[in-house]
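A.B. asks: Residue 1 is where the sequence shown starts when you use full-length UniProt numbering, and the numbers rise one by one after that. For each residue, glycine too, the CB sits at the ideal point set by N, CA and C. Just dropping this structure here.
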Amino acid sequence: NLGVIFDTNLTFDHHVRSTVKASFFHLRNIGKLRPMLTFSVAEKLINTFVFSRLDYCNALLVGVPKATLSKLQLVQNSAARILTGTSTREHITPILEKLHWLPFSFRIEFKILMLPYKALNNLAPQYLCELLTPYTPSRAPRSSEAGLLTTQKTRLKTVGDRAFSSLAPKLWNSLPSEIRNAESLGVFKSHLKTYFFRVAF
1 NLGVIFDTNL TFDHHVRSTV KASFFHLRNI GKLRPMLTFS VAEKLINTFV
51 FSRLDYCNAL LVGVPKATLS KLQLVQNSAA RILTGTSTRE HITPILEKLH
101 WLPFSFRIEF KILMLPYKAL NNLAPQYLCE LLTPYTPSRA PRSSEAGLLT
151 TQKTRLKTVG DRAFSSLAPK LWNSLPSEIR NAESLGVFKS HLKTYFFRVA
201 F
């Protein structure tokens, strides 16, 4: 039991509902205590009891309907308002940016993109490396083509496109070459987060 609720169509609706319910339960309790907590302590509680749930196996949620992801984004938005004491009348985007929190959909892609980098740099298990094939152009490659992956066509448009072997190369190839070719995992994470923040905000 991985703690993830699967359904026959891989919509993860039941799993998301369960995650949202549990997250709001903890947020309500944290909200009651918030006036007595420092910012640092409140943030740690949110990370421990809420974000740990949102981020657990969240790569499985890639490709699910936006309406489903919006429920999880609402949890993150509520956490940001509780932490900062911000009214619901205020727009959430500046709050997330100030907290340096990536929106939920970007958190999913961030986690997925860790794996191609590790696979291409011999930091991942062999079975994962075998799912990805470096792109080899028929002519002399341009510098922008360095570090690309071969993309795969899938038969099942909805489920097949969500498979790691299909999705990861597409996400990876969409990154600027300087991020793909980062010299270390730490540098890659830093550059990727900066890139996603520019896109998100």
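On a Cα-Cα basis, can you pick out the residue from T38, L74, P35 that is closest to S23?
C.D. replies: Reading the sequence shown from its first residue, position 23 is the one you call residue 23. For the residues T38, L74, P35, the minimum Cα distance to S23 belongs to L74.
A.B. asks: Which same chain residues end up closer than 8 angstroms to N181 when comparing Cβ atoms and leaving out the 5 residues on each side of it in sequence?
C.D. replies: By 1-based counting over the sequence shown, the position of residue 181 is 181. Residues of the same chain with a CB within less than 8 angstroms of the CB of N181, apart from the 5 flanking positions on each side, are A146, G147 in chain order.
A.B. asks: Give, in chain order, every unbroken run of the alpha helix (DSSP H) that is at least 4 residues long and sits entirely within the segment 45-92.
C.D. replies: 52-55, 66-84
A.B. asks: Do G63 and R162 come within 8 angstroms of each other at the CB atom, strictly closer than that value?
C.D. replies: Within the sequence shown, the letter at position 162 stands for residue 162. Within the sequence shown, the letter at position 63 stands for residue 63. Taking 8 angstroms as the Cβ cut-off, R162 and G63 qualify as a contacting pair.
A.B. asks: Kindly confirm or deny that the segment 16-30 and the segment 38-51 touch, where touching means at least three C-beta pairs closer than 8 angstroms.
C.D. replies: yes
A.B. asks: Have a look at F164 and L96 and give me their C-alpha separation to the nearest angstrom.
C.D. replies: Taking the first residue of the sequence shown as position 1, residue 164 is located at position 164. Taking the first residue of the sequence shown as position 1, residue 96 is located at position 96. Rounded to whole angstroms, F164 to L96 spans 28 angstroms at the Cα level.
A.B. asks: Measure the CB-CB distance between F104 and L54 and report whether it falls below 8 angstroms.
C.D. replies: For the purposes of this step, residue 104 is identified with residue 104 of the sequence shown, where counting begins at 1. For the purposes of this step, residue 54 is identified with residue 54 of the sequence shown, where counting begins at 1. Going by C-beta atoms, F104 is nearer than 8 angstroms to L54.
A.B. asks: Return the first residue and the last residue of the alpha helix (DSSP H) that L27 is part of.
C.D. replies: Taking the sequence shown and counting its residues from 1, the one referred to as residue 27 is at position 27. Per DSSP, L27 belongs to the alpha helix (DSSP H) from 13-33.
A.B. asks: Measure how close the beta-carbons of K111 and A59 come, nearest whole angstrom, since I'm counting them as under 8 angstroms.
C.D. replies: Start at 1 with the first residue of the sequence shown, and residue 111 comes out as number 111. Start at 1 with the first residue of the sequence shown, and residue 59 comes out as number 59. Contact flag correct, Cβ pair sits at about 5 angstroms.
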